[in-house]
Structures are given as C-alpha cells and as structure tokens.
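>
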Amino acid sequence: MNRINQKLQADKKLLSIYFTAGYPQLTDTVSIIQNLEKSGIDMVEIGLPFSDPLADGPTIQASSTQALKNGMTTETLFNQLKDIRKTVSIPLIIMGYFNPILQFGVEAFCKKCQEVGIDGLIIPDLPVDVYNDNYKSIFEKYSLVNVFLITPQTSEKRIQFIDSISNGFIYMVSSASVTGSQTGFGNDQLAYFKRIETMKLKSPQIIGFGISTNETFNQAIKYAKGAIIGSAFIKHLKHEGVSNIDRFVKQIRP
Amino acid sequence: MNRINQKLQADKKLLSIYFTAGYPQLTDTVSIIQNLEKSGIDMVEIGLPFSDPLADGPTIQASSTQALKNGMTTETLFNQLKDIRKTVSIPLIIMGYFNPILQFGVEAFCKKCQEVGIDGLIIPDLPVDVYNDNYKSIFEKYSLVNVFLITPQTSEKRIQFIDSISNGFIYMVSSASVTGSQTGFGNDQLAYFKRIETMKLKSPQIIGFGISTNETFNQAIKYAKGAIIGSAFIKHLKHEGVSNIDRFVKQIRP
Amino acid sequence: MTYNINEKGYYGEFGGAYIPEMLYPNVEELRLKYLEVMAEPDFQTEFKALLKNYVGRPSPLYFAKRLSEKYNTKIYLKREDLNHTGAHKINNTIGQILMAQRLGKKRIIAETGAGQHGVATATVCALMGLECIVYMGEIDIARQAPNVARMQMLGAKVIPASSGSKTLKDATNEAIRDWINNPVDTHYIIGSVVGPHPYPDMVARFQAIVSEEIKWQLQEQEGNPNPDYVIACVGGGSNAAGAYYHFLEDTNVKLIAVEAAGKGVNSGESAATSSLGKIGIIHGSKTLLMQSKDGQITEPYSISAGLDYPGVGPLHAHLFQSGRAEFIAITDDEAMEAGLELCQLEGIIPAIETAHALAIFKEKPFQPNDIVVLSLSGRGDKDLSTYNNYFNI
Amino acid sequence: MTYNINEKGYYGEFGGAYIPEMLYPNVEELRLKYLEVMAEPDFQTEFKALLKNYVGRPSPLYFAKRLSEKYNTKIYLKREDLNHTGAHKINNTIGQILMAQRLGKKRIIAETGAGQHGVATATVCALMGLECIVYMGEIDIARQAPNVARMQMLGAKVIPASSGSKTLKDATNEAIRDWINNPVDTHYIIGSVVGPHPYPDMVARFQAIVSEEIKWQLQEQEGNPNPDYVIACVGGGSNAAGAYYHFLEDTNVKLIAVEAAGKGVNSGESAATSSLGKIGIIHGSKTLLMQSKDGQITEPYSISAGLDYPGVGPLHAHLFQSGRAEFIAITDDEAMEAGLELCQLEGIIPAIETAHALAIFKEKPFQPNDIVVLSLSGRGDKDLSTYNNYFNI
Ligand SMILES: Cc1ncc(COP(=O)(O)O)c(C=O)c1O
Ligand SMILES: Cc1ncc(COP(=O)(O)O)c(C=O)c1O
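Residue numbers (the UniProt record's numbering), protein chains in the order written: chain A, 1 to 254; chain B, 1 to 254; chain C, 1 to 393; chain D, 1 to 393.
(1) Look up serine 285 of chain D in the DSSP assignment and say whether it is helix, strand or coil.
(2) Go ahead and label proline 53 of chain A buried or exposed: buried means 16 or more other beta carbons lie within 10 angstroms of its beta carbon, across all protein chains shown.
(3) Note down, in chain order, every chain D residue with its Cβ under 9 Å from the Cβ of glutamine 160 of chain A.
(4) Could you tell me whether the Cβ atoms of alanine 204 of chain D and valine 193 of chain D are closer together than 8 Å?
(5) Examine chain C for any beta-carbon lying closer than 8 Å to the beta-carbon of tyrosine 54 of chain D, and answer yes or no.
(6) With three or more C-beta pairs closer than 8 Å as the rule, is the segment 184-198 of chain A touching the segment 64-73 of chain A?
(7) Using a cut-off of 7 Å between C-beta atoms, extract the partners of alanine 357 of chain C located in chain D.
(8) Expressed to the nearest angstrom, what Euclidean distance is found between the alpha-carbon atoms of isoleucine 138 of chain A and isoleucine 349 of chain C?
(9) Please confirm if the segment 64-84 of chain C is in contact with the segment 96-111 of chain C, defined as three or more CB-CB distances below 8 Å between the two stretches.
(10) Any Cβ of chain C within less than 8 Å of the Cβ of threonine 74 of chain B?
(11) Which residues, in chain order, does the segment 141-160 of chain C contribute to contact with chain D at a C-beta distance below 7 Å?
(12) Name the chain A residues whose beta carbon is nearer than 9 Å to that of glutamine 321 of chain D?
(13) With 8 Å set as the bound, which would you pick, yes or no: does the beta-carbon of leucine 384 of chain D sit closer than that to a beta-carbon of chain C?
(14) What I want to know is whether the C-beta of leucine 307 of chain C ends up closer than 7 Å to one or more non-hydrogen atoms of ligand 1.
(15) Since threonine 151 of chain A meets chain D, which of its residues come closer than 7 Å, beta carbon to beta carbon?
(16) May I ask you to list the residues that DSSP assigns as paired with phenylalanine 14 of chain C?
(17) Taking a Cβ distance cut-off of 9 Å, strictly less, list which residues of the segment 272-285 of chain D are near chain A, in chain order.
(18) Since serine 375 of chain C sits in a beta bridge, which residues does DSSP pair it with?
(19) Using a Cβ-Cβ cutoff of 8 Å, what residues of the segment 93-106 of chain B are near chain C? List them in chain order.
(20) Kindly list, in the order they appear in chain A, the residues whose Cβ is closer than 7 Å to that of alanine 243 of chain D.
(21) Check distances from the C-beta atoms of the segment 333-352 of chain D to those of chain C and list, in chain order, the residues that come in under 8 Å.
(22) Starting from asparagine 146 of chain A, follow the beta strand (DSSP E) in both directions and report where the run begins and ends.
(23) Assess contact between the segment 128-138 of chain D and the segment 265-282 of chain D, defined as three or more Cβ pairs (one per stretch) separated by less than 8 Å. Is contact present?
(24) My guess is that isoleucine 231 of chain C and proline 20 of chain C are in contact by the Cβ rule of under 8 Å, so how many angstroms apart are they, rounded?
(25) What does proline 25 of chain D touch in chain A if you count any residue whose Cβ is under 9 Å from its own?
(26) Counting only the same chain and skipping the five closest in sequence on each side, list residues whose C-beta sits under 6 Å from that of isoleucine 101 of chain B.
(27) Please report the distance separating the alpha-carbon of lysine 13 of chain A from that of serine 304 of chain D.
(28) Among A:Thr76, A:Thr87, A:Lys225 and A:Leu144, which one has its Cα closest to the Cα of lysine 200 of chain A?
(29) For serine 68 of chain C and chain B, any beta-carbon pair shorter than 8 Å?
(30) Looking at the unbroken alpha helix (DSSP H) that takes in isoleucine 393 of chain D, where does it start and where does it end?
(31) When you check each C-beta in the segment 77-91 of chain C against every C-beta of chain D, which residues fall closer than 9 Å?
(32) Give the residues of chain C in contact with glutamine 9 of chain B, contact being defined as C-beta atoms less than 8 Å apart.
(33) Buried or exposed: which applies to lysine 222 of chain B, given that a residue is buried once 16 or more other Cβ atoms fall within 10 Å of its Cβ?
(34) Any beta carbon from chain D within less than 8 Å of alanine 126 of chain C's own beta carbon?
(35) For the alpha helix (DSSP H) that valine 258 of chain C lies in, which residues bound it at each end?
(36) Count the CB pairs spanning the segment 22-38 of chain B and the segment 231-241 of chain B that are closer than 8 Å, and state whether there are at least three.
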C-alpha cells in the first residue's frame, strides 16, 4: 500500500508541508525533507518549480523564480531525490505544473517518481477529465496517487465525481484564492469546511491555502484529516534557510 | 498738387525709405524722418506697427513687435507727427495693415493724415476692389494718394487696371515674397522689371523688397522711377539707432 | 435671412478677401475654380471614395445612453473622432488635396494649432506623394507633442512659429508668409473656415458631409432628419460649420456654438471671440476678432490648442450677429471636467476642444424629449498629457 | 480537415482547458453558456448595434494604391485601426462585456500587452459602468505609456506585473491569479484567442466580423468575395483569427501569419513561436510555446508589446501544424522600416504589431493580379515614442 494511504489510515490528524525544490539553495532539497521528517511532519509536498506558477501567490512565485535561477530542473530534482528513501520514510508528493511534466514525458516522469520513491502527484493545472482520459492508467502503473483540488465554488456533483476518482486524499483549497493570500479563516470558510465534512466523502480531505499558525492549523483539523502549509514555510526558509525547521513546525503543532 | 506727385514729376530717380514708427525707441519717429530728409532721401514710408504683419519678414516683424512693446499706437503716432511739417518737406506715406486703420475709423484716419501732413497710404491688405467700392472717395476727400502693389505674378490685365486707378505710383514688389527675404536680383526679376518698363504705364513705378545695397538700388532705378528700402534700414536702426543715418544712405546712393 | 455666402464672398457683412497683392493670383485662381472643380463628377467620385474607404465615413451617429440619462435628454454624438487621424479635420484636407492636384500644385503648406489639421494635411500629402510643410506655434508644439511626432512620421516638415503668442494665429501668419514666398507651385490648405474668400466657403462645403450624414442617420434612428439642437465647439469654426451646414436654413434646428473662455471670459486669458471680439480683419477675412482698442490682435488663451485662436470664421460671426446660433463660453476647468465625464460615462476620450462642447450640459438644461446632436470633433489621444497634468492621473 | 474547434475544445491536438480547479466554475459556466448567449437575438442585436454605432464598423477595406504600385500587386488594407480605441481588440471586448453582463458579473479584469486590449476593456467597462482592473507588464507600461494614461482616464485601475519578463505573459498570469481570487463576481476578458477553452473560440467568433466584412467588401470592390491571400500579424492571434475566420475552409484563400522575430529568430531575443515553439501548456491551453527543454516558458522579446508573447492561440498552432497557414517571422528592423513606409506611402501610421505584417512585402513576392488583404490591426499612436527613438525623428 502506498505510503500516502497508509498515513491517511493512521488515527491522527496530519500536518503536511510544501516547499519549493532548489530553494533557498539548489542543494537544500534533501536536507529540508530530512529536517521536516525529524520535526514530526507527516507528509511533504516537494514543489517542482515552474516559470509561470499561475495558481501561486507572490511568496511561492518568488521561491520558484529563485529555484530556477539556482539551476533547478526536473532532472536535477530526481538526481537529488535518488537516495531519499535511504533516510526518509514519510510520504513524498511532487507538486508541479503540467508543462514541465509534459516536456519530461508523463510516463517517464511517473517512472522516475516511482524509482526515487515518490508516492503521489499534485498537478493543479491538469484537469480531471484529461487525467481520466489520458493519464490515469500511467499513474496507476507507477503506483502514484493523484491528488485533486476542490474549492468553495466546486459544485456538490463535481465533488462527488472527484471523490469517486481520487485514490488518495482530496486537497481542499480553503478559499478560492492563490496560495499565500489568506490570513485566517472567516465564517464562510468554516461553513464550507462543515459542508464538506457532512458530505462524508470516501477520500479524506486535507486543507491547504491560508494555514500559517497554530490557530489556523487547529481550525482546519477540526474538520479535515489534515492541513498543508506552504507560503508560511517558504517565508521561514527565506529568513532562516534550513535552520530551525523544528522550531517552525513546533509553532504550528507544539 | 500732392507732394508725392510733385516728387514723381521731378527728373530724378527716387530713393525712398521705410521704417517702423516707434522703433527702436518710441520717440525716435520724428528724428528718423528728419535725419532721412537731411541725408537726401526723397520720400519716407512710416510704418504703423501691427501685431500680425503677415506680409513682412522677420526683420520688420521684430521691429513692429518692439514698437508695440514700446507703446506705439495710432494716436501716439499722429501726436508725434503733428508738427512734422514744420521741419520736413519730403513726401510722407503711412504704410500699415488695414485692421488698425479700420478700428481708428477709415475716415477719421484719413482726416488725421491730412491734418498732420501725410501724403499717401500703403495698406497691403486692403484689396483694390474694396478700396474702390468703399474708400476711394474718402481718400480723395483728404487728398491722400493710395499706393497699390504689383508682383511678378500680377497679370497684365490686372496691372492695367491697377494703373488706371492709381493716383500716385505703383509699388512694384521685386519678387513675390515677404519683406526682407531677397538679397539681390536674379534674371527673373530683371526680366520682370523690363516687362513692366515696356508696358509704359501711366503711373511711375517704385521698386521695393530686396533692395539693400548700392548695387541693387542701381539695378532697380535702371528700370523704375525709384526704389524703396525697408529691412536693410531697420537693421541699421537696430544696430546703430538713429545715429549715422547719413552714412547708411550714402552707402546706397553715394 | 440667408446663411450662405454671397457672390462677393461675404456672409452678411463678414468675409471677403483682405489679402496682400502677392496672394492675389493664388486666391483668385482658387476663387474662380473651386466651385467648378468641386462640381466635377470625377472630383466628387474621388472625394466620396476616399471619405468612405480611407477616412472611414460615414462616422457613426452614436446615441450616448449614459450621458443622456445623466442629463435627462437625448444626446447623439457625431463621431468625427473615429475618422482616420482622429478628427473632422481630414474631411477638409482630403477635399483640398484633390483641389490642389487639379490646380497642378506640387507643394502643400498648412498651419496647425492642436496638430490635428497638421496631421490631416501631412496624411493626405503622404497619400498623394506631395511635399508638406506645416507651421505650428512653439507653445502648441510643446503641448501637442504626439501630433508633432505623427506629422514627422508622415514625412512632413514641422516649422515652429515663434512670434506673437506662439500659437495658432502665429502659425497662420507664417503659413501665409510662406505662401507669399512660394506663389507658383504651392497650395495652402487652411484648416478651418477662416482666411480669405473662398476658403471659408470651400472648407464649409468639404465639412458639410457631417450634417449630410446626420440627417439620414437621424432619420434612420429617430424617424426625423432634424434634431432640436446641434452643438459644436468653435475654434475657427470648421467642425461647427460642417455640423450646421444642412440645418442653417431650418431655423427650428437650434444651433449652439461653444467657445473657449479659458480662465474666464473676463480674466484676460480667454479665447471667447464672440463675447470679446469686435469686427476687424484677421488672416484675410473680415470677421469678429479679439483685439485692442487700436486694432492690435489680442493673444488668446485656452487650455485647448485648437480653440486658442482670437478670431472666428465669417460664417460664425454672421451666425452670432444674426442670432441664428447661440454662443456659449466654457472655461478650461469646465471643459476638463466634461472631458473626463465622457471618458467615464461613455468610454470615449474626447479632444479637449470637443470637451468644451460637452461642458454645456452642465450649463444649459434640455428637455427630456429634445434631440441634441453634438459634434464629437476629435479624439483626446493628443491631449493625454494635458489631461494627466490637470487631473494628476 | 476542419479548422473549427471540436466539442472538447480542441483544434486538432491543440486547445483544451488546462486550468486549476479554482477556475473551473467560471470557465465551465462560460463554456456551457457562450454559444447559447451569443445566439440570442437580443445579444446579436446589441452586439451589432454597438459595433456599428459605437465602434464605427464596418471598418473600410481600403485599396492601398501607392503600396500596391510599389510592390506590384493588389493590396487591400482592412482598417481595424479606424475602430474606436484604434485596434481590432474592441470587437472582442464589446462581445465579452455583453457576455459578462448576461452572466451577471460586476467586476472585469483583463491583461494587456500593447495596452490596446486594456484600453478596449477599460472602454467597454466605462460604457457599461463596470469596475475594471487591467494587469500590464512593467516593461509594457513603460513602452506603451499613452495607453496607460488612456486606461486611467477611462477609470480603470492598471496594476503592474513585475514577475518574469514583465510583459504580456506575466500580466496574463496576474490576471488569472486575480480571477482565482475573485471567483464569483468577476469576468476575465482575455484579449486574444488564447487561454482555456472556450476563450479561443469565443474570441475568434467575436473577431470573425472582420472576415465577414472583408467578404462583402471584396465582392463589392472586386466582384469576388475571396482574396488570394489574407495576411495578419500574430501575437496571441486574434486579429489573424478574425481576418481568417470565414476563409478557413476555402483553401484557395492562402493564409499568412506573421510573427515577431525580434532581433532574429535565432538571436535568443525573439517571439517567433512557430519556429521556436514546441507543444505545451500556457495559460490554460495546449498549444505551441517557446520553452526550455525542461518546460520552463521562455521570456520572449519583440520591439512590439503586442507580439511579445511566447505562445500562440491553439487555432494558430493547428493552422501551422496542418500547413493551412504559412508562418513568416519578421525582425524588429524589418517591421520598423515597413511601418515608416506605410506612413509615407499611404498616410497611415500603423501599430508596430501591424508593421510586422506589412514587412512581408519585402520578403515575399506576389503576382500583379494577386488580391492580398492585410489586416491593419491597429494604429500607431501608442507607438510614437518607439518609432521616434528608433528613427531618431
Ligand atoms: C478636435 C478638434 N476640434 C475642434 C477644433 C477647432 O477647429 P474648428 O473650429 O475649425 O472645428 C480642432 C482644431 O484643431 C480640433 O482638433
Ligand atoms: C494593433 C495590434 N495588433 C496585433 C496585436 C496582437 O494581438 P493578436 O495576435 O491577438 O491580434 C495587438 C496586441 O495588443 C495589437 O495591439
């Protein structure tokens, strides 16, 4: 069983962290993952940087630009990750835009993921229907979980459909927004969390976008299986590099 | 008999000079006229300055602008000229654009001219037909000679007509141009001078525009009764004021 | 009462040709031939074809819904801003360049204030492959920089006029001087219904296409060719002349002429000729003009280069004197506000000249059922920096 | 071979909607409704009326005599430069604003490169009284300053995009982010035939009026609705799409697409997508785009802000791949010379985008009897300072 599904079965709320591979330094990738695991993080999203990350806010955009300047490429990332499973055992997900994956070759990419021990993919601009028609069998062949997003605007019918084709968790975007643009949850969002909770989907939900503090983390895990932190962690990396990751994580989940 | 016609009957080629009243100093008018007469000049055109002298080149334009700045007005000019006939006996002509004369009142203007002893008028933008229909009788009432212009482009028929209604001389513009834009006569101009000479008009012709030296003066008087100097004299006034007028005149006609 | 020119070239007591003899042959040639040339089928065919295929006529008669709602009346905008080069001026330059060709002229001169006429002249000269020289006041060169650049791109030579107020009046003087100096091969394309006869009449006839179109467009849209009002700004008066032309004799069509009051009619910085002017001679025409007691022409002022002229065409002097048109003066401030208002209500940036006409809706009430046609004489692209500086955008 | 979009939103293998889930409801709403709304008689009536009375359509199909003589062929210019706001872009924004109103949207966003689409969007927002936000790359803000001023006059908020190449691609990213952040009340008016399905098809349909007119205009002028060639510049491809639309299936009408070669196709500073691009995903669409081996989108370069885009609409990718259109790349220098030539031969200052299309006459010979229609997509007023700097005028 895929590490993601194992983790989702554990009787525990999950804290997952996103970072951009190759940031702040090109070779920080492995050390960041190792430090995150050591700090008790349950799952990591490794961002494959893209020149035009149109679902991301300024913080993640800037980290992607820097990572690319540092020389990060798809091949480099796989090279960096090739021994990752020697030291890390939590689930690892690559999150990236579709174009770099398409250029690498979707099958070649999936194959590489399996080789280095990646458990799943989040490709925000790969639509559900295109995935279903063209890529589902490939993902499955390489035992990759594909994670879909839902937002407060996603219709109930569509959520049902997404749930039906999900083989891991659903990434629940806390509000319709790019990454890093929220600073806490309002009533609308809590209502949305509740609404989804009561839908009793087969796939667990993990909430992302807008989680940056212990308070927002706790709100999220009241309703969902877990939460993902992105921009807040990138800001930490920006100011402190790979040091004190433990302290950052303890602030969120003491 | 009007002083102009007397002068035209004299068996002599005439040298006439134009200057702008009120330039370089507001009160130079009388002294310039007196000095010109003393230097042997045969006739003087006193320019009534106008804000928009559209038949004049930069030299006379600038003198008009300065004269207006100095405070010259139609009334001031008549005041300055009121005793001119006590000291000056050569013919005096006022040359000015039509609008200031119209505002003064054409009849009032002509009356004033007669009072101070002006012998004629040159109004470049008063068309022959308008003069004929509306103002001829007024000019005649105040014994004023009205001087019309002809140019190399004026048709033979029109020259005949202008000759027929002229009661003094014809102002023969040496080339179709604004004042001050010529520096000597070419073959075209000499041909034009000859052509007019052979027309044997009843009215004597005086050539103006482009006369600035002894040479051009001599060329002009070979074909015509006389010549008028304008811009060249304004330049003299600009550099030397009312001094050395005699020297200026001697350069033209030693 | 007639509002047509008489055989001597006068509208009532205004008009004529007060020109130096040096200009006589050119002006006389034009006077003798203009009507005949304009009547030639070949001329009309070429003129109409260029207006349609090159200029983009007919210009729309656009019902301005939001502006109409705001002022509770029915406002139609005659969209001369959509013409090639962005103003009504090109109607006239197309006509005159065809005239110049038929008169065998090889060299074209023009004066310009806002630069629209200069651009329109440079444009038709490029189109016909003729040399083009444009005189423009130094101040106008500074405040209408985009149009200077356009003329130069089009191959015209722009010569600064640095005398007097360094604006339109002085550029016109310079153009006239050029014409005096080049009496044989040169045609002077005057940009408004000013200058010696036959210019005012000729330019009005070329601009008359504007009201010709308004008539059938209104018939189409309102079932009646005649509006209650026709409104236009007046610099020299050509867009107004074009918009009024076919309504002149229909006295139930009320005509409104809008002049530039600058900083206020009595501020000493104004170009409101009908209020401040007296009869006199300017640029070869007997008309109303702003002048001193002594007959020296006053230096006018307006924020709008195209209205910054101390005279008005003889037709307009006649319309004013006879009461056929109502004259209203609009200040810089009123015009600028009205220009911005049109941008934000209708998505149209008007020339500042036109903005003066638009300002009358704040000055004068109309009835809800009044059909008001306003000549949108030009677009405001040339005026962006003036607008920006004014509003600090 | 068909050149229409299929039911899944693809032209051949290009197109689709590669969008994040956050955009799904908006794009899906549009996809489900756009054809139905466009078919409503009331929509068509309003669209056609605005095109006629506000935009000034039909735009002339002008036979360029001197240009034709110079290149010894028959050149017609489709005068989109005469549209209100000065380019073809307004055809699309009029259509989309009516669409947005029918979808109940209150807030409009747009990206812009040359600023023409931004101005066209700001214009229709002012006309309809809707809030308008325009994203524009910092470099484009500097090189198309007049258009920035125009947008602001029209009441739009212009937000600089400072990421990436600071040009059109980045402005588009910012607009998409805004739309993600404002999923309910906002409509995104994309300015070209790019973006996720249904945008490419919807924009092409709004621009199709261009070839619809060309057909009857050519019938009128040449007795045949079909030219031998249709030429257009391609940034995203909307003016080309409009000019080609009704000729796509008539394969005896040859189509030429002109791209920006910048400093040379292989100079590393270029925007010649068909030569340099590979299939990939940009701004929600699968199409040809300039990218690194790794799939990072290349920062393009062109002197022309409107062509400075690393992709091309999916229709054009299909036309390229299928050979239906010939693609030619034109350098900055060639374009600038061709722009100046049009000024001086025909009195028309073209947008620098359009100047690229004009440059092909020096590249490619045509037969004397060929009827060549060129889409004069916009006027050059916005480009005066670029022209001036280049030519030192
Ligand atoms: C747009 C526009 N409107 C009006 C005018 C004023 O001229 P006229 O009174 O001749 O129409 C100008 C002059 O340049 C102009 O550019
Ligand atoms: C005048 C003009 N032409 C062409 C273009 C390129 O756009 P498209 O390829 O969508 O026609 C632009 C874009 O701004 C433009 O302003």
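In this text, a Cβ means the ideal position worked out from N, Cα and C, and glycines have one as well.
The structure says:
(1) Looking up residue 285 of chain D in the fourth sequence gives position 285. If DSSP states are grouped into helix, strand and coil, serine 285 of chain D belongs with the strands.
(2) As a position in the first sequence, residue 53 of chain A is number 53, starting the count at 1. With 16 or more Cβ atoms within 10 Å of its Cβ, proline 53 of chain A is classed as buried.
(3) Here residue 160 of chain A refers to the residue found at position 160 when the first sequence is read from its first residue. Under the 9 Å cutoff, chain D gives no residues; its nearest Cβ is about 14 Å from glutamine 160 of chain A.
(4) Here residue 204 of chain D refers to the residue found at position 204 when the fourth sequence is read from its first residue. Here residue 193 of chain D refers to the residue found at position 193 when the fourth sequence is read from its first residue. It is a contact, given that the beta carbons lie within the stated cut-off.
(5) Translated into the one-based positions of the fourth sequence, residue 54 of chain D becomes position 54. Yes, tyrosine 54 of chain D counts as interfacial toward chain C.
(6) no
(7) Looking up residue 357 of chain C in the third sequence gives position 357. Neighbours of alanine 357 of chain C on chain D: none; closest Cβ ~18 Å, over 7 Å.
(8) Taking the first sequence and counting its residues from 1, one reaches residue 138 of chain A at position 138. Taking the third sequence and counting its residues from 1, one reaches residue 349 of chain C at position 349. Isoleucine 138 of chain A and isoleucine 349 of chain C have their alpha carbons spaced roughly 56 Å apart.
(9) no
(10) By 1-based counting over the second sequence, the position of residue 74 of chain B is 74. Closer than 8 Å to some Cβ of chain C, the Cβ of threonine 74 of chain B qualifies, so yes.
(11) Those residues of the segment 141-160 of chain C that come within reach of chain D (Cβ to Cβ, closer than 7 Å) are Pro146, Ala149, Arg150, Gln152, Met153, Leu154 and Gly155.
(12) For the purposes of this step, residue 321 of chain D is taken as residue 321 along the fourth sequence, with counting starting at 1. Those within 9 Å of glutamine 321 of chain D in chain A number zero; the least Cβ separation is about 17 Å.
(13) As a working mapping, residue 384 of chain D is identified with position 384 in the fourth sequence. Answer yes: the Cβ-Cβ gap between leucine 384 of chain D and chain C drops below 8 Å somewhere.
(14) Along the third sequence, one-based indexing puts residue 307 of chain C at 307. Answer for leucine 307 of chain C: yes, Cβ within range of ligand 1.
(15) Against the first sequence, residue 151 of chain A aligns to sequence position 151. Using a Cβ-Cβ cut-off of 7 Å, threonine 151 of chain A is close to Glu21 and Met22 of chain D, given in chain order.
(16) Taking the first residue of the third sequence as position 1, residue 14 of chain C is located at position 14. Its beta-bridge partners are C:Tyr11.
(17) Lys278, Ile279, Gly280, Ile281, Ile282, His283 and Gly284
(18) For this step, residue 375 of chain C is matched to residue 375 along the third sequence. The secondary-structure analysis by DSSP pairs serine 375 of chain C across a beta bridge with C:Lys78.
(19) Tyr97, Phe98, Asn99, Pro100, Ile101, Leu102, Gln103 and Phe104
(20) As a first step, residue 243 of chain D is located in the fourth sequence; it is residue number 243 there, counting from the start. Under the 7 Å cutoff, chain A gives no residues; its nearest Cβ is about 29 Å from alanine 243 of chain D.
(21) Leu340, Cys343, Gln344, Leu345, Glu346, Gly347, Ile348 and Ile349
(22) Taking the first residue of the first sequence as position 1, residue 146 of chain A is located at position 146. Looking at the DSSP string, the run of the beta strand (DSSP E) that includes asparagine 146 of chain A is 145-150.
(23) Between the segment 128-138 of chain D and the segment 265-282 of chain D, the count of Cβ pairs shorter than 8 Å is below three; the stretches do not touch.
(24) As a working note, residue 231 of chain C is residue 231 in the third sequence. As a working note, residue 20 of chain C is residue 20 in the third sequence. Approximately 37 Å separates the beta-carbon atoms of isoleucine 231 of chain C and proline 20 of chain C; this is outside 8 Å, ruling out the contact.
(25) Locating residue 25 of chain D in the fourth sequence gives position 25, where the first residue counts as 1. Within 9 Å Cβ-Cβ: Thr151, Gln153, Thr154, Ser155, Arg158 and Ala176.
(26) Start at 1 with the first residue of the second sequence, and residue 101 of chain B comes out as number 101. The residues are Phe109.
(27) As a first step, residue 13 of chain A is located in the first sequence; it is residue number 13 there, counting from the start. As a first step, residue 304 of chain D is located in the fourth sequence; it is residue number 304 there, counting from the start. Whole-angstrom Cα-Cα distance: 54 Å.
(28) One-based indexing of the first sequence puts residue 200 of chain A at position 200. If we check each option's Cα against that of lysine 200 of chain A, A:Lys225 comes out closest.
(29) As a working mapping, residue 68 of chain C is identified with position 68 in the third sequence. By this cut-off, serine 68 of chain C is not an interface position.
(30) Along the fourth sequence, one-based indexing puts residue 393 of chain D at 393. That residue, isoleucine 393 of chain D, is in no alpha helix (DSSP H); it is neither H nor E in DSSP.
(31) Arg79, Asp81, Leu82, Asn83, His84, Thr85 and Gly86
(32) Position 9 of the second sequence holds residue 9 of chain B. Under the 8 Å cutoff, chain C gives no residues; its nearest Cβ is about 25 Å from glutamine 9 of chain B.
(33) By 1-based counting over the second sequence, the position of residue 222 of chain B is 222. With fewer than 16 other CB atoms across the displayed protein chains lying within 10 angstroms of its CB, lysine 222 of chain B is exposed.
(34) On the third sequence, residue 126 of chain C is found 126 positions in, with the first residue counted as 1. It does: the Cβ of alanine 126 of chain C has a partner Cβ on chain D nearer than 8 Å.
(35) Here residue 258 of chain C is taken as the residue at index 258 of the third sequence, counted from 1. In the DSSP assignment, valine 258 of chain C falls outside any alpha helix (DSSP H) and lies within the beta strand (DSSP E) extending over 254-262.
(36) Taking 8 Å as the limit for Cβ pairs, the verdict is that the segment 231-241 of chain B does touch the segment 22-38 of chain B.
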